[in-house]
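A.B. asks: Mind having a look at this structure? Questions to follow.
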Amino acid sequence: EQPNFASLIEDLQRKEAKHVWHPMTQQRSWSCDESKPPAAVHYAHNSTLYSLDGSTKLDAMGGLWCVNVGYGREELARVAYDAMVQLPFLSPAHGSIPQIELATKISDLLDWSAPAHAYFTASGSEANEAAFKIARQFHAANVEQDPSGPLRYKIISRHRAYHGNTAGAMAATGQAERKIGFGPQPPGYIKVGTPYPYRSRETEAQHGLDLAASLDETIRMEGAETVAAFICEPITSGGGVLVPPENYLKEVRKVCDDHGVLLILDEVVSGFGRTGAMFGHHHYGVTPDIVTLAKGLTSGYQPLGACVVSDRVFANFHDCPDAVHQGKVASTLPPRLAHLRSINTYGGHPVACAVGLRNIEIVEREGLVERAAEMGAFLKRTLEEAIGAHKHVGEVRGRGLLVGVELVADRDTKTPLDDDACGAIVRRCADAGVVVGRNASTVPGLGNVLILAPPFVIEEHECARVAETLRAALDA
Ligand code: PLP
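According to the UniProt record's numbering, the sequence shown is numbered sequentially starting from 64.
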């Protein structure tokens with residue numbers, strides 16, 4: 064007997080409106096007026112979402128820029144099944160085989176001059192929290208090389224940054240609208256400007272130098288001996304897909320080195336191929352002290368994050384207890400506190416790590432990093448042709464399959480297109496069967512960048528459909 068889909072869908076919609084609290088969604092839209100949530104998605108394959116009512120959507124956001132290998136990989140489901148049967152959970156204090164192999168693989172892929180060391184979490188926010196703790200504790204245990212170590216607690220980040228949802232990661236996030244009403248934020252989180260070549264009046268190279276100089280000045284003014292770390296994404300994602308000038312990260316690295324400040328790169332979005340290189344920092348010839356990862360680590364098939372540190376950072380924790388006992392290293396921390404005191408129940412979950420490993424194997428086996436570079440270039444070209452000259456398009460930009468379209472009211476003045484119009488364009492695309500994202504409004508009126516971050520397996524005809532859909536939505 065055929066199930067009654069119409070009533071099944073209605074029943075789910077009723078329960079959803081009543082019981083599910085969706086993130087970043089005005090409750091009013093589903094509870095106070097007559098509208099209903101869209102029919103639940105029940106299946107997905109490659110880049111397409113299938114809903115119970117028979118409609119489909121091309122997911123040009125790759126979930127939340129994470130489903131890099133595309134939906135429906137049975138291979139990953141089998142790996143998860145096998146791993147769960149074998150070892151459904153292990154305290155992160157022990158090493159499971161998948162965790163050990165994944166940490167080793169990440170170190171190999173990072174390709175730094177010395178081995179890297181991974182501390183696993185269950186999300187990107189927690190990876191950033193761990194990075195801040197590690198940075199502070201690194202300095203506290205570093206008094207011999209840096210007498211000001213114990214004073215260093217400040218974390219500098221950028222106004223347009225998003226680093227997560229937990230207290231520290233939220234404090235490091237810029238984007239005022241994410242924090243209004245949740246104050247006071249923890250102290251010691253300082254902000255500097257974000258590279259934004261489209262809105263800079265300088266040459267790209269000068270813009271990069273200016274921003275590095277402003278970081279340098281901020282560190283000096285705060286008192287360099289109070290600053291633990293600077294964190295940024297190699298390419299800003301949620302803040303509006305902002306590709307920095309080529310010289311920016313190298314200059315930032317120099318500034319950090321001059322002041323003994325650690326450089327943390329948040330590669331939660333850009334890690335594992337999204338920008339057309341295995342890691343975003345590989346484009347810029349810079350090695351960070353700490354890198355944070357999530358999303359593409361498992362292509363979203365399992366929740367997993369990692370905070371990966373350089374050998375130099377690790378050595379302070381690794382050697383410290385013994386060295387302190389032997390009086391070789393001066394530390395402000397008593398020896399019993401000299402190890403990293405941090406634990407996440409689900410960090411390094413054996414099933415998630417097994418999936419992560421196989422996910423990376425797929426990325427390498429199918430040449431998906433190269434494909435992200437090629438399809439990203441194709442998508443940008445197609446967008447340029449379809450909407451590049453549109454009166455409401457200021458710029459099409461990005462790297463690899465991380466693409467942004469900045470919407471303006473006027474191309475000459477570059478006045479941002481207003482929030483309502485931008486929201487309407489996103490909704491029109493969704494109604495036409497294409498999911499596109501939009502940057503978080505940093506302050507009112509600045510949510511004017513459409514975001515495209517599809518799975519790496521997106522096809523050319525699908526890129527063309529995205530461009531056509533956007534053109535029609537902009538015209539409307
Ligand atoms: N960092 C960046 C750059 C992100 O985009 C995100 C999430 O979108 C995070 C950190 C936080 O990751 P999670 O949502 O897994 O906690």
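C-beta atoms are modelled at their ideal positions from N, C-alpha and C, and glycine is treated no differently.
Cβ of Leu-127 within 7 Å of any heavy atom in the ligand PLP?
C.D. replies: Because some heavy atom of the ligand PLP lies under 7 Å away, the Cβ of Leu-127 counts as near it: yes.
A.B. asks: How should Glu-73 be labelled, buried or exposed, when 16 other C-beta atoms within 10 angstroms of its C-beta is the threshold for buried?
C.D. replies: Exposed, since its Cβ has fewer than 16 Cβ neighbours within 10 Å.
A.B. asks: Indicate the three-state DSSP secondary structure (helix, strand or coil) for Ala-275 in the structure shown.
C.D. replies: Correct three-state label for Ala-275: helix.
A.B. asks: Using the rule of at least 16 other Cβ atoms within 10 Å of the residue's Cβ for burial, across every protein chain shown, is His-524 buried or exposed?
C.D. replies: With fewer than 16 other Cβ atoms within 10 Å, it is exposed.
A.B. asks: Kindly indicate which residue of His-453, Val-83, Thr-236, Pro-413 has the alpha-carbon position closest to the one of Ala-146.
C.D. replies: Considering only alpha carbons, the answer is Pro-413.
A.B. asks: Could you say which of Glu-448, His-82, Leu-121, Phe-68 lies nearest to Ser-529 if we only look at CA atoms?
C.D. replies: In the sequence as presented, Ser is not what sits at residue 529; that position holds Val. Measuring from the Cα of Val-529, the nearest candidate turns out to be Leu-121.
A.B. asks: Any idea if Asp-116 is buried or exposed, counting beta-carbon neighbours within 10 angstroms, 16 or more meaning buried?
C.D. replies: Classification for Asp-116: exposed.
A.B. asks: Using a Cβ-Cβ cutoff of less than 8 Å, which residues in the same chain neighbour Lys-168 once the five nearest sequence positions on both sides are dropped?
C.D. replies: Excluding positions up to five away in sequence, the list reads Leu-420, Ile-423.
A.B. asks: I'd like to check one pair, Gly-439 with Gly-457: are the Cβ atoms closer than 8 Å?
C.D. replies: No, these two residues do not count as a Cβ contact at 8 Å.
A.B. asks: Alpha helix (DSSP H) containing Glu-192: first to last residue?
C.D. replies: Element bounds for Glu-192: 187-203.
A.B. asks: Under DSSP, the alpha helix (DSSP H) around Thr-355 begins and ends at which residues?
C.D. replies: Taken as a continuous stretch (DSSP letters only), Thr-355 belongs to no alpha helix (DSSP H), being part of the beta strand (DSSP E) at 353-356.
A.B. asks: Near Leu-396, which residues of its chain fall below 7 Å by C-beta distance, leaving aside the five closest residues on each side in sequence?
C.D. replies: If we look at Leu-396 and ignore the five residues flanking it on each side, its Cβ neighbours are Ala-203, Ala-204.
A.B. asks: Ignore the nearest five residues each way along the sequence and tell me which others in Thr-281's own chain have a CB closer than 7 Å to its CB.
C.D. replies: Same-chain partners within the cutoff: Ile-219, Ile-253, Val-255.
A.B. asks: For the alpha helix (DSSP H) that Gly-419 lies in, which residues bound it at each end?
C.D. replies: Taken as a continuous stretch (DSSP letters only), the alpha helix (DSSP H) holding Gly-419 covers 413-428.
A.B. asks: Could you check if Ala-357 belongs to the surroundings of the ligand PLP, using beta carbon to heavy atom distance under 7 Å?
C.D. replies: Yes.
A.B. asks: State whether the region 304-315 contacts the region 166-185, with contact taken as three or more CB pairs (one from each stretch) at a distance under 8 Å.
C.D. replies: Short answer: they don't touch.
A.B. asks: Comparing C-alpha positions only, which one of Arg-262, Ile-425, His-346 sits nearest to Gly-303?
C.D. replies: That would be Arg-262, whose Cα lies nearest to the Cα of Gly-303.
A.B. asks: Short check: CB of Thr-338 to CB of Ala-415, under 8 Å?
C.D. replies: Against a cut-off of 8 Å, the Cβ pair of Ala-415 and Thr-338 comes out as no contact.
A.B. asks: Is the beta carbon of Ile-298 sitting closer than 8 Å to the one on Ala-194?
C.D. replies: No. Outside cutoff.
A.B. asks: What I want to know is whether the C-beta of Glu-296 ends up closer than 7 Å to one or more non-hydrogen atoms of the ligand PLP.
C.D. replies: Result yes, Cβ under 7 Å from the ligand PLP.
A.B. asks: Taking DSSP as the reference, what is the three-state secondary structure of Val-142?
C.D. replies: Looking at Val-142 - three-state DSSP - the assignment turns out to be helix.
A.B. asks: Locate the alpha helix (DSSP H) running through Ala-107, then write down its first and last residues.
C.D. replies: No alpha helix (DSSP H) holds Ala-107; the beta strand (DSSP E) holding it covers 104-108.
A.B. asks: With three or more beta-carbon pairs closer than 8 Å as the criterion, would you say the region 363-380 touches the region 239-249?
C.D. replies: No, they do not touch.
A.B. asks: By how many angstroms is the C-alpha of Ser-70 removed from the C-alpha of Ala-80?
C.D. replies: The alpha-carbon atoms of Ala-80 and Ser-70 are separated by roughly 15 Å.
A.B. asks: Which residues in the same chain have their Cβ closer than 7 Å to the Cβ of Pro-384, if we skip the five residues on either side of it in sequence?
C.D. replies: Confidence at Pro-384 is low in this model, with a pLDDT of 49, below 50, so its placement is unreliable and the value that follows should be read with caution. Pro-398, Ala-401, His-402, listed in sequence order.
A.B. asks: Roughly how many angstroms separate the alpha carbons of Ala-292 and Gly-227, rounded to a whole number?
C.D. replies: Straight-line Cα distance between these residues: approximately 17 Å.
A.B. asks: From Glu-448 to Pro-250, what distance separates their C-alpha atoms?
C.D. replies: When rounded, the distance between both Cα atoms is 47 Å.
A.B. asks: What are the start and end residues of the alpha helix (DSSP H) that includes Phe-342?
C.D. replies: Where Phe-342 is concerned, there is no enclosing alpha helix (DSSP H), given that its DSSP letter is neither H nor E.
A.B. asks: How would you label Gly-277, buried or exposed, when you count the other beta carbons within 10 angstroms and need 16 or more for buried?
C.D. replies: According to the sequence provided, residue 277 is Ser. The question's Gly does not apply to it. It is exposed - the Cβ of Ser-277 has fewer than 16 other Cβ atoms within 10 Å.
A.B. asks: Starting from the Cα of Ser-154, find the closest Cα among Thr-184, Tyr-144, Cys-129 and give me that residue.
C.D. replies: When each option's Cα is compared against that of Ser-154, the closest is Thr-184.
A.B. asks: Can you give me the C-alpha to C-alpha distance between Ser-176 and Ser-170, rounded to a whole angstrom?
C.D. replies: Cα to Cα, Ser-176 sits roughly 10 Å from Ser-170.
A.B. asks: From this set, Gly-359, Ala-369, Arg-404, which residue's C-alpha is nearest Phe-380's C-alpha?
C.D. replies: For Phe-380, the nearest C-alpha among the options comes from Arg-404.
A.B. asks: How about Thr-355 and Gly-187: are their beta carbons less than 8 Å apart?
C.D. replies: Contact: yes.
A.B. asks: Taking 6 Å as the limit between beta carbons, can you name the residues of its chain near Ala-435, skipping five residues before and five after?
C.D. replies: Around Ala-435: Gly-336, Gly-339, Gly-463, Leu-464, Phe-519.
A.B. asks: Tell me Glu-469's beta-bridge partners as DSSP assigns them.
C.D. replies: Glu-469 pairs with Glu-458, Val-512.
A.B. asks: Beta strand (DSSP E) containing Thr-119: first to last residue?
C.D. replies: First-last of the beta strand (DSSP E) with Thr-119: 119-122.
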